[in-house]
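> Residue numbering for the sequence shown follows this note's numbering, beginning at 123 and increasing consecutively. Where is the CB? At the ideal position from N, CA and C, for every residue including glycine. Sending over a structure as structure tokens; questions will come in a sec.
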Amino acid sequence: MYAKTDQVPASQVVGKVAFEEGVAIGAFLPNSIRLATAFIATKADIDIGLRALDKGLSELDKQCA
């Protein structure tokens, strides 16, 4: 058994919200996300990614409460 909302696996909720923010997060497995960055990523790039991840996790928290 894996964590999920009423409709979809948890990782897909996070991945969808992040994608809407312009950030691709690997959300292929039900309870797993993959994060990676280019070696040339700047602090600003990392901040954008973390904001998108935070927004996705916040949405997941709302749906699973």
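Can the beta-carbon of A166 be found less than 7 Å from the beta-carbon of E143?
Position 44 of the sequence shown, counted from the start, is the residue given in the question as residue 166. Position 21 of the sequence shown, counted from the start, is the residue given in the question as residue 143. No, the Cβ-Cβ distance between A166 and E143 is not below 7 Å.
> How many Å lie between T159 and N153 at the Cα?
Counted from its first residue, the sequence shown places residue 159 at position 37. Counted from its first residue, the sequence shown places residue 153 at position 31. If I take the Cα positions, the gap works out to 20 Å.
> Just verifying my parser: in three-state terms, what is the DSSP assignment at K170?
The residue labelled residue 170 in the question sits at position 48 within the sequence shown. The amino acid at residue 170 is misidentified as Lys; the sequence shows Ile. Here I170 sits in helix by DSSP.
> Report buried or exposed for M123, applying the criterion of at least 16 other Cβ atoms within 10 angstroms of its Cβ.
For the purposes of this step, residue 123 is taken as the residue at position 1 of the sequence shown. Residue placement at M123 is flagged as unreliable, the pLDDT there being 43, under the threshold of 50; the coordinate-derived value follows with that caveat. Under this definition M123 is an exposed residue.
> Could you tell me which of A163, E181 and A132 sits nearest to L151, measuring between CA atoms?
For the purposes of this step, residue 151 is taken as the residue at position 29 of the sequence shown. With distances taken between Cα atoms, L151 lies closest to A132.
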